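Chains as they are written, first to last, in this note's numbering: chain H, 161 to 612; chain X, 161 to 612.
Number of protein chains: 2
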Amino acid sequence: MANSEIMKDIVSLAKRRGFIYQGSDIYQGLAGTYDYGPLGVLLKNNIKNSWWQDFVTDREDMYGLDASILMNAKVWQSSGHVAGFSDPLVEDLKTKKRFRADHLLEEAGFPVEGLNLTQMTEIIQSNNIKSPDGNPLSEARQFNMMFETAVGAVDGDISYLRPETAQGIFVNFKNVVDSFHPKLPFGIGQIGKAFRNEITPRDFLFRVREFEQMEVEYFVHPDSWQINFTMWQEVIKVWAGKIGIDLNKLSELEIGEEDRAHYSQRTIDFQFEYPFGVKELFGLAYRGNYDLTKHTEGSGVDLAYLDQETGEKFIPHVIEPSLGVDRAVLSVLVSSYREDDLGGDKRVYLDLPFLVAPIKVAVFPLLKNKPQLIEKGRQVFSDLKSELSFVMWDDNGNIGKRYRRQDEIGTPYCVTIDFDTLEDNTVTVRQRNTGEQKRIAISELLSYIKNN
Amino acid sequence: MANSEIMKDIVSLAKRRGFIYQGSDIYQGLAGTYDYGPLGVLLKNNIKNSWWQDFVTDREDMYGLDASILMNAKVWQSSGHVAGFSDPLVEDLKTKKRFRADHLLEEAGFPVEGLNLTQMTEIIQSNNIKSPDGNPLSEARQFNMMFETAVGAVDGDISYLRPETAQGIFVNFKNVVDSFHPKLPFGIGQIGKAFRNEITPRDFLFRVREFEQMEVEYFVHPDSWQINFTMWQEVIKVWAGKIGIDLNKLSELEIGEEDRAHYSQRTIDFQFEYPFGVKELFGLAYRGNYDLTKHTEGSGVDLAYLDQETGEKFIPHVIEPSLGVDRAVLSVLVSSYREDDLGGDKRVYLDLPFLVAPIKVAVFPLLKNKPQLIEKGRQVFSDLKSELSFVMWDDNGNIGKRYRRQDEIGTPYCVTIDFDTLEDNTVTVRQRNTGEQKRIAISELLSYIKNN
Numbered sequence: 161m162a163n164s165e166i167m168k169d170i171v172s173l174a175k176r177r178g179f180i181y182q183g184s185d186i187y188q189g190l191a192g193t194y195d196y197g198p199l200g201v202l203l204k205n206n207i208k209n210s211w212w213q214d215f216v217t218d219r220e221d222m223y224g225l226d227a228s229i230l231m232n233a234k235v236w237q238s239s240g241h242v243a244g245f246s247d248p249l250v251e252d253l254k255t256k257k258r259f260r261a262d263h264l265l266e267e268a269g270f271p272v273e274g275l276n277l278t279q280m281t282e283i284i285q286s287n288n289i290k291s292p293d294g295n296p297l298s299e300a301r302q303f304n305m306m307f308e309t310a311v312g313a314v315d316g317d318i319s320y321l322r323p324e325t326a327q328g329i330f331v332n333f334k335n336v337v338d339s340f341h342p343k344l345p346f347g348i349g350q351i352g353k354a355f356r357n358e359i360t361p362r363d364f365l366f367r368v369r370e371f372e373q374m375e376v377e378y379f380v381h382p383d384s385w386q387i388n389f390t391m392w393q394e395v396i397k398v399w400a401g402k403i404g405i406d407l408n409k410l411s412e413l414e415i416g417e418e419d420r421a422h423y424s425q426r427t428i429d430f431q432f433e434y435p436f437g438v439k440e441l442f443g444l445a446y447r448g449n450y451d452l453t454k455h456t457e458g459s460g461v462d463l464a465y466l467d468q469e470t471g472e473k474f475i476p477h478v479i480e481p482s483l484g485v486d487r488a489v490l491s492v493l494v495s496s497y498r499e500d501d502l503g504g505d506k507r508v509y510l511d512l513p514f515l516v517a518p519i520k521v522a523v524f525p526l527l528k529n530k531p532q533l534i535e536k537g538r539q540v541f542s543d544l545k546s547e548l549s550f551v552m553w554d555d556n557g558n559i560g561k562r563y564r565r566q567d568e569i570g571t572p573y574c575v576t577i578d579f580d581t582l583e584d585n586t587v588t589v590r591q592r593n594t595g596e597q598k599r600i601a602i603s604e605l606l607s608y609i610k611n612n
Numbered sequence: 161m162a163n164s165e166i167m168k169d170i171v172s173l174a175k176r177r178g179f180i181y182q183g184s185d186i187y188q189g190l191a192g193t194y195d196y197g198p199l200g201v202l203l204k205n206n207i208k209n210s211w212w213q214d215f216v217t218d219r220e221d222m223y224g225l226d227a228s229i230l231m232n233a234k235v236w237q238s239s240g241h242v243a244g245f246s247d248p249l250v251e252d253l254k255t256k257k258r259f260r261a262d263h264l265l266e267e268a269g270f271p272v273e274g275l276n277l278t279q280m281t282e283i284i285q286s287n288n289i290k291s292p293d294g295n296p297l298s299e300a301r302q303f304n305m306m307f308e309t310a311v312g313a314v315d316g317d318i319s320y321l322r323p324e325t326a327q328g329i330f331v332n333f334k335n336v337v338d339s340f341h342p343k344l345p346f347g348i349g350q351i352g353k354a355f356r357n358e359i360t361p362r363d364f365l366f367r368v369r370e371f372e373q374m375e376v377e378y379f380v381h382p383d384s385w386q387i388n389f390t391m392w393q394e395v396i397k398v399w400a401g402k403i404g405i406d407l408n409k410l411s412e413l414e415i416g417e418e419d420r421a422h423y424s425q426r427t428i429d430f431q432f433e434y435p436f437g438v439k440e441l442f443g444l445a446y447r448g449n450y451d452l453t454k455h456t457e458g459s460g461v462d463l464a465y466l467d468q469e470t471g472e473k474f475i476p477h478v479i480e481p482s483l484g485v486d487r488a489v490l491s492v493l494v495s496s497y498r499e500d501d502l503g504g505d506k507r508v509y510l511d512l513p514f515l516v517a518p519i520k521v522a523v524f525p526l527l528k529n530k531p532q533l534i535e536k537g538r539q540v541f542s543d544l545k546s547e548l549s550f551v552m553w554d555d556n557g558n559i560g561k562r563y564r565r566q567d568e569i570g571t572p573y574c575v576t577i578d579f580d581t582l583e584d585n586t587v588t589v590r591q592r593n594t595g596e597q598k599r600i601a602i603s604e605l606l607s608y609i610k611n612n
């Protein structure tokens, strides 16, 4: 099946089954925004909770944070975003529609890494590259991707929707040190929304205007950045596998010196093989002491760290594992999407790990008009739900159809209550991927599900 | 102790111990924004998770959602927010600073309910009410509280940061119905950020510009709104008690017909006795079919519901339990803040329920320079952490001081490993509120903590 077909099928399944809807859907949408439906919220929360557990809670060197989306504009002056957080834009001279210059060049087959505005304009003009609507294009210019807004009732107080969660961490570095006196190395982790005014949002959840990040800023002594970089590299890979990202589709791209930020001595892009190409999924960057130095200069507050044992005082260096929630959701959906033949019928299923599956078990009474089956079924359902929370009841249609409905949303187990159940307290447990069915005693059900 | 003193103490404890910091702190802040520190995130997440569990997961009539903050501007035209979501503003004619007209009147002792702009201006002028800086005031005018921003690279595409999460639910009503075919009554629940450009943010987390909401829109047949209204009224009260809100400080205010929205036949404000006055905490409103009707008109998409059994087609009516995360956090802090004498010393503690306490247990080795105590202590710590997740290790200073540090952050239990532990595998468990200490076998520790 063609890659564009797979994306279409995933987007369609996501909408039909209540994972992900276009934002502002009934108003013809708002480009670059998506809403998570009932099953999408569950999937997304499972991914976020697993990240929080592995990157923050389970570690004694990590502190959680939840900083505001709106920050004092000076934060973005110090960080360099006001001056430099922009994308190259060209305008269709006829329709006035705007496009990413680098994307148009890429699509026309030109390499774009490292090109400046003048060079992009030259290539566009000398090769007579047109807009997607076939019209001539303007010169390339920079377009700042931060959303601007006025804060307060007094005119002119401008701020921005944060384009990344990272700065909320740097700005709170001293607060956390003062409250907890942590020893280096230690980190601060945060999950939260960020916003980028993308010129051309595209590829479903991949390039959007509103998204969620899971970021760690890990503070180290400058002498120990390599070992901590490698440690986080490993943590990211292990976690990616755990949430169901196909590791065969995951690759690590070492960013060369010429493409790294000047303060970074090492950066890795974790790339994923999406149906629309191999593109960035997660990032891991060594940022030196750039951020805390900039905020020390910008705020006048000393962000140096005093090592109580050695007496050494210095601005810590930073390792930044930066993961996008929405791209994680997208890559999990892409990794788990399957079409096969089962029992002679074509079917679609999501091969989701138990950990992230929105629904862990579905419970079916064989027939909905037999009170004894319903009663027994409800009992099994309640017992499972009190332990696993995410259990679904379905008494609608024939069992085969109910199986297929659960396959499509990635439910690992279906449990059917039939007339034999009333006799011998056993149920049929059906496994998603293989379709295999087993007879299990109700008393063994929970441990069977938990241990498989 | 004076009420203003209590607020000062709570704000100071929240900052010192890493619960809540002023937003953009090192840049002199951004008014009306707060950042949750490591312990604040844990407290807030416990409250949010408990709400999600009780209001969504545990109920079979509820569906979760996570809609975008940025929505198509037409959503806010249909909902009435573009035209009407404003507060009365007056300007200090000398300093040009702006203030809420109704707040200045209230502070000057005038009742303000139901006053229009002309009436406010009249009272200000005839009573010669001055700005807080002592200068004359302008006439009152309306100030829209929605933050505006330009979306996309084409000039003039305005949108807003959502001022409430509710509209994200109404706009997805049809999507959820199409994906899940739920029977009435059913509801959609959501936790998410919302933004209001308050003219004068104040009272810590109470009146802020960026906040988080936990909202349910519960869709019912028009004939059954009363019984469902009462059901949610009860759910809110039970949950408030569970998370540690002092029910003696909670009261219900029936909003009179003259102050209700025209489409609402009943609205209750759950009020809380904050140190700065009795003010709104949660809300419960019967909204009729106003919202879905407005969005049907505005979008041209039919949001009527077809009852498959009766064949009746109608726009469902809505019950809206609306709870603020930050106000919940604030009222839990206010409810739990205690000062007492223990063993002759003045102490401060937070009487938080186990459910919401950021740290459930702290583990102390008696001395940090005795390897056997450390080794044994780490074992106890790991065992507890694998079960309870939120366990803290502290080997710093004398035990008395360590107790006080945990008291201040509301940790229900402290466990001390001493030399007797090495002999008989028992530990000292100390209870937060009473200071009572008991000797417990390590093998019994977890069940002791869970069952107390």
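We put the CB at the ideal spot given by N, CA and C, even for glycine.
Predicted, not measured: the structure shown is a model, and the values here were computed from it.
Which residues DSSP lists as bridging residue i, in chain order
{"i": "V438 (chain H)", "result": "H:E433"}
{"i": "F303 (chain H)", "result": "H:D247"}
{"i": "W553 (chain X)", "result": "X:V523"}
{"i": "P481 (chain H)", "result": "H:L444"}
Neighbour flag for residue i against chain X, beta carbons, 8 Å
{"i": "K402 (chain H)", "result": "no"}
{"i": "I186 (chain H)", "result": "yes"}
{"i": "I229 (chain H)", "result": "yes"}
{"i": "W553 (chain H)", "result": "yes"}
{"i": "F340 (chain H)", "result": "yes"}
{"i": "P323 (chain H)", "result": "no"}
{"i": "D226 (chain H)", "result": "yes"}
{"i": "L533 (chain H)", "result": "no"}
{"i": "R538 (chain H)", "result": "no"}
{"i": "P481 (chain H)", "result": "no"}
{"i": "T571 (chain H)", "result": "no"}
{"i": "I359 (chain H)", "result": "yes"}
{"i": "N232 (chain H)", "result": "yes"}
Residue-level contact to chain H via CB, residue i, 8 Å cutoff
{"i": "A191 (chain X)", "result": "yes"}
{"i": "H455 (chain X)", "result": "yes"}
{"i": "G443 (chain X)", "result": "no"}
{"i": "S172 (chain X)", "result": "no"}
{"i": "Y465 (chain X)", "result": "no"}
{"i": "S291 (chain X)", "result": "no"}
{"i": "P198 (chain X)", "result": "yes"}
{"i": "K204 (chain X)", "result": "yes"}
Where residue i sits in the DSSP three-state scheme
{"i": "Y573 (chain H)", "result": "strand"}
{"i": "L297 (chain X)", "result": "strand"}
{"i": "V201 (chain X)", "result": "helix"}
{"i": "E472 (chain X)", "result": "coil"}
{"i": "R538 (chain H)", "result": "helix"}
{"i": "Y423 (chain X)", "result": "coil"}
{"i": "Q591 (chain X)", "result": "strand"}
{"i": "E499 (chain H)", "result": "strand"}
N-terminal and C-terminal residue of the alpha helix (DSSP H) that residue i is part of
{"i": "V622 (chain X)", "result": "Residue numbering for chain X in the displayed model covers 161 to 612; residue 622 (chain X) lies beyond these limits and cannot be assessed."}
{"i": "D317 (chain H)", "result": "It is not in any alpha helix (DSSP H) - D317 (chain H) carries neither H nor E in the DSSP assignment."}
{"i": "E457 (chain X)", "result": "450-459"}
{"i": "G328 (chain X)", "result": "326-331"}
{"i": "T281 (chain X)", "result": "277-286"}
Unbroken beta strand (DSSP E) run spanning residue i, endpoints
{"i": "S411 (chain H)", "result": "410-414"}
{"i": "V508 (chain H)", "result": "505-510"}
Between the stretch 297-318 of chain X and chain H, which residues of the former have a C-beta closer than 8 Å to a C-beta of the latter? F303, F307, E308, T309, A310, V311, G312, A313, V314
Please list, in chain order, the residues of the stretch 243-258 of chain X that have any C-beta partner in chain H closer than 8 Å. L249, K256, K257, R258
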